[in-house]
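This report concerns only the one structure given below.
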Amino acid sequence: MEFSAFANKIFKESIDRYHVKNDVYQTFVNPYANDDITKLLYQKNWIDTVQWHYEDLIRDPEIDPVEALKLKRKIDASNQERTDKVEEIDAYFLDQYRNVDIKDDATINTESPAWAFDRLSILALKIYHMREEADRKDASKAHRL
1 MEFSAFANKI
11 FKESIDRYHV
21 KNDVYQTFVN
31 PYANDDITKL
41 LYQKNWIDTV
51 QWHYEDLIRD
61 PEIDPVEALK
71 LKRKIDASNQ
81 ERTDKVEEID
91 AYFLDQYRNV
101 DIKDDATINT
111 ESPAWAFDRL
121 SILALKIYHM
131 REEADRKDAS
141 KAHRL
């Protein structure tokens, strides 16, 4: 299995588990207790999933300003946690490939590997929520396309 397919599998598992309760305040439980990449990917996507829902909450036009400020601080803290987790994932890749000889003509074609997987995690969330919207019973035919 390609690593991106493996990561997507872990992201989907995290997203599905979050949506069982669909609550930003639910307790985080990582089913991957060992310190390998699976644990890191699951943690990373959980952070993204909770933040996705924080951002839904803060868009409420009726939100109390005091609560909005508290939520904004949670979003800021979540962004830092997200960045820290990306750095942990990059450290994993750096360790995995520390003995690879870099060719003189090698080019950088993307951000770091972990930031690329960050994008994949967000894409998994977009797919989940687009599917959720399209599958609503009251979704129009145009919305389903």
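Note that full-length UniProt numbering gives residue 78 to position 78 of the sequence shown, counting from 1, and the numbers run on in steps of one.
Positions of the beta carbon are idealized from the N, C-alpha and C atoms, including for glycine.
All figures in this text were calculated on a predicted structure; none of them were measured in a lab.
Margin query: Using 7 angstroms as the threshold, is the C-beta distance between residue 70 and residue 54 below it?
Written below: The sequence position of residue 70 within the sequence shown is 70, counting from 1. The sequence position of residue 54 within the sequence shown is 54, counting from 1. For residue 70 and residue 54, no; Cβs fall outside 7 angstroms.
Check: Residue ranges of each alpha helix (DSSP H) run of no fewer than 4 residues wholly in the segment 63–127, ordered along the chain?
Finding: Listed in chain order, they are 65–96.
Item checked: CB-CB length for residue 5 against residue 120, believed under 8 angstroms -> Reading the sequence shown from its first residue, position 5 is the one you call residue 5. Reading the sequence shown from its first residue, position 120 is the one you call residue 120. Contact flag wrong, Cβ pair sits at about 10 angstroms.
Next item on the list: With residue 43 as the anchor, note down where its alpha helix (DSSP H) starts and where it stops.
Entry: For the purposes of this step, residue 43 is taken as residue 43 along the sequence shown, with counting starting at 1. From DSSP, the alpha helix (DSSP H) with residue 43 extends over 37–58.
Item checked: residue 42 versus 58, 52, 85, residue with shortest Cα-Cα distance -> Here residue 42 corresponds to residue number 42 of the sequence shown, with the count starting at 1. Measuring from the Cα of residue 42, the nearest candidate turns out to be 85.
Next item on the list: Could you check if residue 40 is buried or exposed, using at least 16 other CB atoms within 10 Å of its CB as the buried criterion?
Entry: Along the sequence shown, read from residue 1 onward, the residue named residue 40 stands at position 40. Residue 40 comes out buried.
Next item on the list: Rounded to whole angstroms, what's the CA-CA distance from residue 110 to residue 117? Just pull it up for me.
Entry: As a first step, residue 110 must be located in the sequence shown, where it is residue number 110. As a first step, residue 117 must be located in the sequence shown, where it is residue number 117. Cα to Cα, residue 110 sits roughly 11 angstroms from residue 117.
Next item on the list: Run the CB neighbour count on residue 98, radius 10 Å, all protein chains shown included, and call it buried at 16 or more, exposed below.
Entry: Numbered from 1 along the sequence shown, position 98 holds the residue referred to as residue 98. Result: exposed.
Notebook entry, point to check: Count the other CB atoms within 10 Å of the CB of residue 18; is the residue buried (16 or more) or exposed (fewer)?
Noted result: Along the sequence shown, read from residue 1 onward, the residue named residue 18 stands at position 18. Buried, since its Cβ has 16 or more Cβ neighbours within 10 Å.
Notebook entry, point to check: When the distance is taken between beta carbons, is residue 81 closer than 7 angstroms to residue 108?
Noted result: What you label residue 108 is simply residue 108 of the sequence shown in a count that begins at 1. What you label residue 81 is simply residue 81 of the sequence shown in a count that begins at 1. Against a cut-off of 7 angstroms, the Cβ pair of residue 81 and residue 108 comes out as no contact.
Notebook entry, point to check: When the Cα atoms are used, what is the spatial distance from residue 57 to residue 72?
Noted result: Residue numbering aside, residue 57 sits at position 57 when the sequence shown is read from its first letter. Residue numbering aside, residue 72 sits at position 72 when the sequence shown is read from its first letter. Approximately 10 angstroms between the Cα atoms of the pair.
Notebook entry, point to check: Are there 16 or more other CB atoms within 10 angstroms of the CB of residue 27, so buried, or fewer, so exposed?
Noted result: To locate residue 27, count along the sequence shown from 1; it is residue 27. Label assigned to residue 27: exposed.
Margin query: Please classify residue 50 as buried or exposed, where buried requires at least 16 other C-beta atoms within 10 Å of its C-beta.
Written below: Within the sequence shown, residue 50 is the residue found at index 50, counting from 1. Looking at its Cβ environment, which holds 16 or more other Cβ atoms inside 10 Å, residue 50 is buried.
Notebook entry, point to check: Between the Cα of residue 22 and the Cα atoms of 129, 68, 35, which residue gives the shortest distance?
Noted result: Translated into positions along the sequence shown, residue 22 becomes position 22. Nearest option by C-alpha distance: 129.
Notebook entry, point to check: Taking all protein chains shown into account, do 16 or more other C-beta atoms lie within 10 angstroms of the C-beta of residue 79, making it buried, or fewer, making it exposed?
Noted result: In the sequence shown, the residue the question calls residue 79 occupies position 79. Under this definition residue 79 is an exposed residue.
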